[in-house]
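Engineer: Please read through the structure below; I'll follow up with questions.
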Amino acid sequence: MTKIKTINKLLSIFKKESSFLITGHINPDGDTVGSALALASWLKKLKKDVIIVISDPVPDNLQFLPGINLIKNEVPENKHYDTGIMLECPDITRISPIIKLAAFKKTVNIDHHIESAERKYKTDCELIDSKASSCCEMIFEILQEAKHKITSKEAECLYTGILTDTGRFQYSNTTPKTMSIVSRLLERNIDTIKVFRNIYATKSLKSILLLGRILNTLETNSGVSYMKITNEMFKHTGTTQKDSEEAVNYAGMVPGTKIYALFREMDGNKKERVKVSLRSYEKINVFKIAGKYGGGGHFHASGFELPGSIQEVTDKIIPVLIAEAQKAE
44 MTKIKTINKL LSIFKKESSF LITGHINPDG DTVGSALALA SWLKKLKKDV IIVISDPVPD
104 NLQFLPGINL IKNEVPENKH YDTGIMLECP DITRISPIIK LAAFKKTVNI DHHIESAERK
164 YKTDCELIDS KASSCCEMIF EILQEAKHKI TSKEAECLYT GILTDTGRFQ YSNTTPKTMS
224 IVSRLLERNI DTIKVFRNIY ATKSLKSILL LGRILNTLET NSGVSYMKIT NEMFKHTGTT
284 QKDSEEAVNY AGMVPGTKIY ALFREMDGNK KERVKVSLRS YEKINVFKIA GKYGGGGHFH
344 ASGFELPGSI QEVTDKIIPV LIAEAQKAE
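Going by my numbering, the first residue of the sequence shown is number 44, and it counts up by one from there.
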């Protein structure tokens, strides 16, 4: 089925069904939140019953987005929704366990990630476009096909998602099409300075102290730069996992870096488990690397989790990354 036919199938579902539960992946980011808010806003204009449920807390730097109070962290009791809409959930592990897919009459999946081999859930309609910069870019296309005049508030949400998922338009997923869409969103009088300050230029003292500790772990070897985050760092600075989301980018600033990574101890019942975030330059496919360990993402930005201590996981993965970096020479 062509992309335009799939979009029209989605629009048919959106217009026919009366109630919708929108959810995004665990540990929500700007793209997940922005796309959910913009889509919910449009559905409400169609007089639909809509709720957004994301079990993990929305990051503080996204709390400025219009409509943010629509997002709940649990499904209301004794409430049924006809259709479940999954945003950026390439496999079942990315969906919060509080979301029961069997409870919906219909399910929809909208995603720009390369499909994971571990994707274990079925949908009635899915729109997958790995060439799109973000889910927000895809929501823009859906709303355009629906002949909806995007409001200033919706544009702000979509712009935020595109901005964050393209790394401020620095990543290779920034295409002419992406910038064309951004141009059209800017016509809606978005306060870009407000968006930038909230997302990138406002940090708590404790998160800055955490960053200092993370930077102290920075190492580089044969084109691979990497850092580590331990639970002790979070405890000492009074921070959480959310405060470290952008830290990996600093490793990529080291001259000569081809692959950069962040190794982060997982908290709670995943104490002996490590999350590995991978980024790359040039034509190095870190999605392929992540896939070997059950992870996923994009060509230049992917991740996965492995059991073991942070030192064990680092010792296992760094040689793999060095080998890939050397192949690119």
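For glycine and all other residues, C-beta sits at the position ideal for the given N, C-alpha and C.
How would you call Ile224, buried or exposed, if buried means at least 16 neighbouring beta carbons within 10 angstroms?
Structural biologist: Taking the sequence shown and counting its residues from 1, one reaches residue 224 at position 181. Classification for Ile224: buried.
Engineer: Is DSSP giving Glu60 helix, strand or coil here?
Structural biologist: Taking the sequence shown and counting its residues from 1, the one referred to as residue 60 is at position 17. Coil.
Engineer: Taking the continuous alpha helix (DSSP H) assigned at Gly255, which residues delimit it?
Structural biologist: Counting from 1 along the sequence shown, the entry for residue 255 is found at position 212. Element bounds for Gly255: Leu248 to Leu258.
Engineer: For Asp134, count neighbouring Cβ atoms within 10 angstroms of its own Cβ and tell me buried if that reaches 16, exposed if not.
Structural biologist: One-based indexing of the sequence shown puts residue 134 at position 91. Buried is the call here.
Engineer: Can you look up Tyr214 in the DSSP assignment and give me helix, strand or coil?
Structural biologist: Position 171 of the sequence shown holds residue 214. Tyr214 falls in the coil class under three-state DSSP.
Engineer: Roughly how far, in whole angstroms, is the beta-carbon of Gly346 from the beta-carbon of Gly338, given that I think they are within contact range, below 8 Å?
Structural biologist: Here residue 346 corresponds to residue number 303 of the sequence shown, with the count starting at 1. Here residue 338 corresponds to residue number 295 of the sequence shown, with the count starting at 1. About 5 Å; that satisfies the 8 Å criterion.
Engineer: Going straight from the alpha carbon of Leu261 to that of Val356, what length do you get?
Structural biologist: Working through the sequence shown from its first residue, we reach residue 261 at position 218. Working through the sequence shown from its first residue, we reach residue 356 at position 313. When rounded, the distance between both Cα atoms is 16 Å.
Engineer: Taking only three categories from DSSP, how would you classify Ile95?
Structural biologist: Locating residue 95 in the sequence shown gives position 52, where the first residue counts as 1. The answer is strand: DSSP assigns Ile95 an E or B state.
Engineer: Which residue wins for smallest C-alpha separation from Ile65, given the options Gln213, Ser215, Lys46 and Glu117?
Structural biologist: Against the sequence shown, residue 65 aligns to sequence position 22. Checking every option, the nearest Cα to that of Ile65 belongs to Glu117.
Engineer: What is the DSSP secondary structure of Met222, counted as helix, strand or coil?
Structural biologist: Numbered from its first residue, the sequence shown carries residue 222 at position 179. Looking at Met222 - three-state DSSP - the assignment turns out to be helix.
Engineer: In this structure, what does DSSP give as the bridge partners for Val319?
Structural biologist: Translated into positions along the sequence shown, residue 319 becomes position 276. Beta-bridge pairing links Val319 to Phe306 and Phe347.
Engineer: Less than 7 Å between C-beta atoms, sequence neighbours within five positions excluded: which residues of the same chain meet that for Ser61?
Structural biologist: Numbered from 1 along the sequence shown, position 18 holds the residue referred to as residue 61. So the list reads Lys91, Asp92 and Asp125, once near-sequence residues are dropped.
Engineer: Measuring alpha carbon to alpha carbon, tell me which of Lys370, Leu113 and Leu53 ends up nearest Ser265.
Structural biologist: Looking up residue 265 in the sequence shown gives position 222. Here the closest residue by C-alpha is Lys370.
Engineer: In the DSSP output, what is Lys174 paired with across the bridge?
Structural biologist: Here the question's residue 174 lines up with position 131 in the sequence shown. Per DSSP, none; premise fails for Lys174.
Engineer: Within 10 angstroms of the Cβ of Thr245, are there 16 or more other Cβ atoms? Answer buried if so, exposed if not.
Structural biologist: Here residue 245 refers to the residue found at position 202 of the sequence shown. Exposed, by the Cβ-count rule.
Engineer: Please identify the residue among Thr263, His279 and Val238 whose C-alpha is closest to the C-alpha of Leu248.
Structural biologist: Translated into positions along the sequence shown, residue 248 becomes position 205. Among Thr263, His279 and Val238, the Cα nearest to that of Leu248 is on His279.
Engineer: For Lys157, is the classification buried or exposed, using 16 other Cβ atoms within 10 angstroms of its Cβ as the cut-off for buried?
Structural biologist: Residue 157 sits at position 114 when you count from the first residue of the sequence shown. Rather than Lys, the amino acid found at residue 157 in this sequence is Ile. Flag for Ile157 reads buried.
Engineer: Below 8 Å on the Cβ atoms is my guess for Thr290 versus Cys179; work out the distance and round it to an integer in Å.
Structural biologist: In the sequence shown, counting from the first residue as 1, residue 290 sits at position 247. In the sequence shown, counting from the first residue as 1, residue 179 sits at position 136. A small fix is needed here, since residue 290 is Ala in this sequence, not Thr. Incorrect: roughly 23 Å between the Cβ atoms, too far for contact.
Engineer: In whole angstroms, what is the alpha-carbon distance linking Leu206 and Gln213?
Structural biologist: Here residue 206 is taken as the residue at index 163 of the sequence shown, counted from 1. Here residue 213 is taken as the residue at index 170 of the sequence shown, counted from 1. Each residue's Cα considered, the two are about 9 Å apart.
Engineer: When we look at the beta-carbon of Glu325 and count the other beta-carbons within 10 Å, is it buried (16 or more) or exposed?
Structural biologist: In the sequence shown, counting from the first residue as 1, residue 325 sits at position 282. Label assigned to Glu325: exposed.
Engineer: Grab me the residues of Glu188's own chain with a C-beta within less than 8 Å of its C-beta, minus the 5 sequence neighbours each way, in chain order.
Structural biologist: Along the sequence shown, read from residue 1 onward, the residue named residue 188 stands at position 145. So the qualifying residues of the chain are Ile47, Ile50, Asn51 and Leu54.
Engineer: With DSSP as the reference, identify every bridge partner of Lys115, one or two as the case may be.
Structural biologist: In the sequence shown, the residue the question calls residue 115 occupies position 72. Lys115 pairs with Val96.
Engineer: Using a threshold of 8 Å, state whether the C-beta atoms of Val84 and Glu197 are closer than that.
Structural biologist: As a working mapping, residue 84 is identified with position 41 in the sequence shown. As a working mapping, residue 197 is identified with position 154 in the sequence shown. According to the sequence shown, residue 84 is Ser rather than Val. In this structure, Glu197 lies closer than 8 Å to Ser84 by Cβ.
Engineer: Quick one: residues in its chain with C-beta nearer than 8 Å to the C-beta of Asp99, no 5 flanking neighbours on either side, listed in chain order?
Structural biologist: Position 56 of the sequence shown, counting from 1, holds the residue named residue 99. Here the set comprises Ile69, Asn70, Pro71, Asn116 and Ser139.
Engineer: If I measure Cβ to Cβ from Asn328 and keep anything under 7 Å in the same chain, skipping five residues before and after, which residues do I get?
Structural biologist: Counting from one through the sequence shown, the residue named residue 328 turns up at place 285. Cβ neighbours of Asn328 beyond the five flanking positions: Phe342.
Engineer: For Tyr269, which beta-bridge partners are listed by DSSP?
Structural biologist: The residue given as residue 269 occupies position 226 in the sequence shown. In DSSP, Tyr269 forms a bridge with Glu262 and Ala304.
Engineer: Straight-line CA distance for Thr218 to Arg211?
Structural biologist: As a first step, residue 218 must be located in the sequence shown, where it is residue number 175. As a first step, residue 211 must be located in the sequence shown, where it is residue number 168. The straight-line gap from Cα to Cα measures roughly 13 Å.
Engineer: Out of Ile353, Lys149 and Ile182, which has the shortest C-alpha to C-alpha gap to Glu26?
Structural biologist: Examination of residue 26 is not possible in this model, given that the chain is present from 44 through 372 alone.
Engineer: Quick check on His155: buried or exposed, where buried means 16 or more other Cβ atoms within 10 Å of its Cβ?
Structural biologist: Translated into positions along the sequence shown, residue 155 becomes position 112. Buried, because 16 or more other Cβ atoms sit within 10 Å of the Cβ of His155.
Engineer: Considering only the alpha carbon of each residue, which of Met129, Ile361, Ala366 and Thr263 lies closest to Tyr164?
Structural biologist: As a working note, residue 164 is residue 121 in the sequence shown. Nearest C-alpha to Tyr164: Met129.
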